[in-house]
Amino acid sequence: MAQLLFDSNRRGLKGLFRKLRSPDLSPTSDSPSGPSSPRTSNIVSRTGSSSSLASIGISTKSYGKKVDTIGHGVSAKVELYHHKQTNMLYAIKTFNPKESYETRDEYKARCSHEFNVVYGLNHVNVLKMYDFIPGFHTIQIVMEFAPYSLLKVIQMVKPSEEEITCFFRQVCEGVLFLHKNNVAHRDLKMENIVVDETATLKLIDFGTAFYFGKEKKLATGNVGTEALVSPEALSSIKYDAEANDVWGLAVLLYSMLNLSFPWKVARESDPEFKAFLLDKDILKDKYPESLWDATTNVLEVDPTKRLTMTQLQTVMGQKTPQHTECGVKIHQRTIRICMKKVHEVCL
């Protein structure tokens, strides 16, 4: 959600999050109820078409009052809203007005993409999209809110290898769910993952996501964070977006454990990547021993020989329990520090 701001109003967030902890905010909660219910039922397909979006949504008033601005990016800002009657929190993304070179339809298509591609999908590890509000000058998306940035949590808390493995399994579960619904994320970096108050991870930012459909269309375009992009996506005009996500997950796990990337770009011209091609074991001490065999099969340059997402998730299921079964103690310290140092780890 881009680089995020901190201001004096943020001081009230610690108390707000504590006060708002309730069953309504649990990670297994379905869509909100009451006056703030989503208004987009059965209107959007995952085809990327924006024509069906023209008349949905009314205004942000349905989602309560603005509490704070939690993010500013190049193309949009994100604000936190609180609906008092239902005690629900929402993140509302407001896009900047259209560029001078864009038509109204082009602007709407660009802004609606990340909503379109995941709207209606319901999984605990994928951030929910609630509403699309096309205004005259700007467009807004109403989303589920999770307060903490995974990158900042790992930087601040320095979780154990066991906890990071649990985090990684959650990400894998979210990605597998997307793939089963014919969607590839294509930018699986820590900045695109948020954490709620139960240490549940959620994938966010679907601006570069790709809907490959039941026919398994190949993706085009080198998008996302360069260090995460697979070799074939860098060198081919078309590539398998699912296999590209799987490669990116191995790089993501490396970054979660080491707070760095193993290389700048997966090309032979990159010294670190070339060293890896010559000897994969050069990275062995950077990963959990229990996951190394799987990692080498994920970091397979030939995408046809790479583990599939289903195979990777099967391995993770053998190595670590589900988040709901992993035990409170694993995440107790992380949750406590996040609540205490909300300014440092909040979005």
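Heads up, the sequence shown is in UniProt numbering, so the first residue is 1 and it goes up one at a time. Even glycine gets a Cβ: it sits at the ideal position worked out from N, Cα and C. All values derive from a computational prediction rather than experimental measurement.
Heavy atom of the ligand GTP within 8 angstroms of residue i beta-carbon
i          : result
glycine 73 : As far as ligands go, the structure on display features none, and thus does not contain the ligand GTP.
For residue i, the three-state DSSP class (helix, strand or coil)
i                 : result
glutamate 79      : strand
threonine 308     : coil
phenylalanine 273 : helix
proline 134       : strand
histidine 72      : strand
residue 395       : For the chain, the structure presents residues 1 to 347; residue 395 sits outside this window and is missing.
leucine 257       : helix
valine 246        : helix
valine 251        : helix
arginine 21       : Per-residue confidence for arginine 21 stands at a pLDDT of 44, beneath the threshold of 50, marking its modelled position as unreliable; the derived number appears in the next sentence. Three-state DSSP puts arginine 21 in coil, outside helix and strand.
lysine 340        : helix
glutamate 99      : coil
glutamate 215     : coil
isoleucine 330    : helix
Boundaries of the beta strand (DSSP E) in which residue i is found, first to last residue
i                 : result
phenylalanine 145 : Careful: phenylalanine 145 lies outside any beta strand (DSSP E) and carries neither H nor E.
glycine 64        : Segment: none, glycine 64 is in no beta strand (DSSP E) and carries neither H nor E.
methionine 93     : What sits at residue 93 in the sequence shown is lysine, not methionine. Its beta strand (DSSP E) spans residues 88-95.
In DSSP terms, what residue i is bridged to
i                 : result
leucine 201       : Val195
isoleucine 237    : According to DSSP, isoleucine 237 bridges with nothing at all.
phenylalanine 210 : Ala184
glutamine 85      : Answer by DSSP bridge pairing: none, since glutamine 85 is not bridged.
lysine 141        : The question names lysine, but residue 141 is isoleucine in the sequence shown. Partner(s): Lys93, Phe132.
alanine 266       : According to DSSP, which records beta bridges pairwise, alanine 266 is partnered with nothing at all.
valine 124        : Paired residue(s): none; valine 124 is not in a bridge.
threonine 220     : Lys238
Own chain partners of residue i with C-beta closer than 8 angstroms, once the 5 adjacent residues on each side are dropped
i              : result
arginine 104   : Lys98
glutamate 106  : Lys98
valine 126     : Val118, Gly174, Phe177, Leu178, Lys202, Leu203
methionine 280 : The residue asked about is misnamed: residue 280 is lysine in this sequence, not methionine. Within the same chain, lysine 280 has close Cβ partners Thr296, Leu299.
asparagine 222 : Val229, Ala233, Leu234
Beta carbon proximity, residue i to chain C, threshold 9 angstroms
i           : result
leucine 178 : No chain C appears in this structure, which consists of one protein chain only.
Where the alpha helix (DSSP H) containing residue i begins and where it ends
i            : result
arginine 110 : 104-118
Neighbourhood of residue i by C-beta distance below 6 angstroms, restricted to the same chain and skipping five residues each side
i                 : result
leucine 252       : Leu188
glutamate 79      : Lys66, Thr69, Ile92
asparagine 244    : Ser230, Ala233
asparagine 297    : Leu307
glutamate 191     : Leu151
tryptophan 247    : Ser230
histidine 179     : Glu242, Met309
cysteine 111      : Phe95, Ile139
phenylalanine 167 : Leu201
glutamate 144     : Leu127, Lys128
glutamine 170     : Asn125, Leu201, His323
tryptophan 263    : Asp270, Glu272, Phe273
glutamate 163     : Ile330
Sequence-distant residues of the same chain with beta carbon closer than 7 angstroms to residue i, five excluded per side
i              : result
proline 288    : Glu161, Thr165
residue 363    : What the structure shows of the chain is the stretch from 1 to 347, and residue 363 is not part of that stretch, so it cannot be assessed.
valine 153     : Val195, Thr334, Cys338, Val345
lysine 84      : Gly64
isoleucine 237 : Thr220
threonine 208  : Arg186, Asp187, Val223, Gly224
isoleucine 282 : Ala275, Phe276
* Return the chain-ordered ranges of every alpha helix (DSSP H) run that is complete within the segment 276-327 and spans a minimum of 4 residues. => 292-298, 309-319
* Pick out the complete alpha helix (DSSP H) segments inside the segment 150-192, 4 residues or longer, and give them in chain order. => 150-157, 161-180
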